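Colleague:
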Amino acid sequence: MTKFLLISVLILSQLSAQQESTTIPAAKPADEVSWLNLGLGFGAPGIAVSIDFNSSFKNNRINQYNFNFNEEFMLIGNTPPESVSSLAFLTGRYSKSKNWMTAFLGGAGIVTGYRRGDLISSGQGWFSPSEYKKDRFMALGVMGNFQVFFTPFSGLGIGLELFACLNPEVPNVSVLFSLQLGG
Numbered sequence: 000m001t002k003f004l005l006i007s008v009l010i011l012s013q014l015s016a017q018q019e020s021t022t023i024p025a026a027k028p029a030d031e032v033s034w035l036n037l038g039l040g041f042g043a044p045g046i047a048v049s050i051d052f053n054s055s056f057k058n059n060r061i062n063q064y065n066f067n068f069n070e071e072f073m074l075i076g077n078t079p080p081e082s083v084s085s086l087a088f089l090t091g092r093y094s095k096s097k098n099w100m101t102a103f104l105g106g107a108g109i110v111t112g113y114r115r116g117d118l119i120s121s122g123q124g125w126f127s128p129s130e131y132k133k134d135r136f137m138a139l140g141v142m143g144n145f146q147v148f149f150t151p152f153s154g155l156g157i158g159l160e161l162f163a164c165l166n167p168e169v170p171n172v173s174v175l176f177s178l179q180l181g182g
């Protein structure tokens, strides 16, 4: 009887070890993905560039690390141009269907840039702009981001982003045409 129990235990332990070695690790759930958005567009105060790293998880939640840069575009105008950069963390919700993804996020971040300060010299006429002192600023801002993407292929999408940054120095809004990579 003891030999039978010993052999049974050995056989069961061998089968168990074989089963553990052939077990395939569980894949990451489909709702836990990461992707990158690269955007170029326009807004106030001018040309806008945005890089977003997005990570989604359960219950249609999304986190985003966002870098946004806007600079005033002037062929003829007052100098220096105003510029705004922000680095932010946003969180929100997203919705995904077969070919579409939408998301709404809100958060906060650090805003820095240049704005026009005191008048240095006044321009005389249409083609001689006024010159201002260049003032650097840094502030905390509240950000919002709305995204709509057409995603015809896995890992690739095109879409629009509406980005807003409210801050006490130079509030800005941008509309960006974006490429979505990954996810």
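Sequential numbering of the sequence shown, starting at 0, is according to numbering that gives the first Met the number 0. Glycine included, C-beta positions come from ideal geometry on N, C-alpha and C. Being a predicted model, the structure only gives us computed values, none of them experimental.
#1: Nearest-angstrom Cα distance between Phe-145 and Gly-112?
#2: Using 8 Å as the threshold, is the C-beta distance between Phe-41 and Val-174 below it?
#3: Nearest to Gly-122 by alpha carbon, out of Gly-116, Tyr-131 and Arg-115?
#4: In the DSSP assignment, the beta strand (DSSP E) including Glu-70 goes from what residue to what residue?
#5: Skipping 5 residues on each side, what residues in its chain have a beta carbon closer than 6 Å to that of Leu-159?
#6: Which residue wins for smallest C-alpha separation from Ile-46, given the options Ser-55, Pro-80, Ser-153 and Trp-34?
#7: Just tell me which of Ser-177, Asn-166 and Met-100 has its CA closest to the CA of Thr-150.
#8: Considering just the uninterrupted stretch of the beta strand (DSSP E) at Val-83, what are its terminal residues?
#9: Could you give the distance in angstroms between the alpha-carbon of Gly-108 and the alpha-carbon of Leu-139?
#10: Which residue comes first and which comes last in the beta strand (DSSP E) that contains Asn-171?
#11: Would you report the Cα separation of Leu-161 and Leu-118, rounded to the nearest angstrom?
#12: Just the Cα atoms here: how many angstroms apart are Trp-34 and Thr-90?
#13: Would the beta-carbon of Phe-102 fall within 8 Å of that of Met-142?
#14: Which residues does DSSP pair with Ser-55 in a beta bridge?
#15: On the DSSP bridge assignment, give the partners of Asn-144 in chain order.
#16: Taking the beta carbon of Asn-58 as the centre, do at least 16 other beta carbons fall within 10 Å, making it buried, or is it exposed?
Modeller: Straight from the coordinates:
#1: Cα to Cα, the separation comes out at about 23 Å.
#2: Note that the C-beta distance between Phe-41 and Val-174 is below 8 Å.
#3: Closest in alpha carbon position to Gly-122, among Gly-116, Tyr-131 and Arg-115, is Tyr-131.
#4: Where Glu-70 is concerned, the enclosing beta strand (DSSP E) stretches over 60-70.
#5: The residues are Val-147.
#6: Among Ser-55, Pro-80, Ser-153 and Trp-34, the Cα nearest to that of Ile-46 belongs to Pro-80.
#7: Checked all of Ser-177, Asn-166 and Met-100; the closest Cα to Thr-150 is Met-100.
#8: 82-95 is the span of the beta strand (DSSP E), which, as asked, contains Val-83.
#9: Approximately 6 Å between the Cα atoms of the pair.
#10: In this chain, the beta strand (DSSP E) harbouring Asn-171 covers 171-181.
#11: Taking the straight line from one Cα to the other gives about 33 Å.
#12: Approximately 14 Å between the Cα atoms of the pair.
#13: The amino acid at residue 102 is misidentified as Phe; the sequence shows Ala. In this structure, Ala-102 keeps its C-beta atom at 8 Å or more from the C-beta atom of Met-142.
#14: Paired residues: Ile-61.
#15: DSSP, once it has assigned bridges, lists Leu-104 and Phe-162 as partnering Asn-144.
#16: In the assembly as shown, Asn-58 is an exposed residue. Its beta-carbon has fewer than 16 other beta-carbons within 10 Å.
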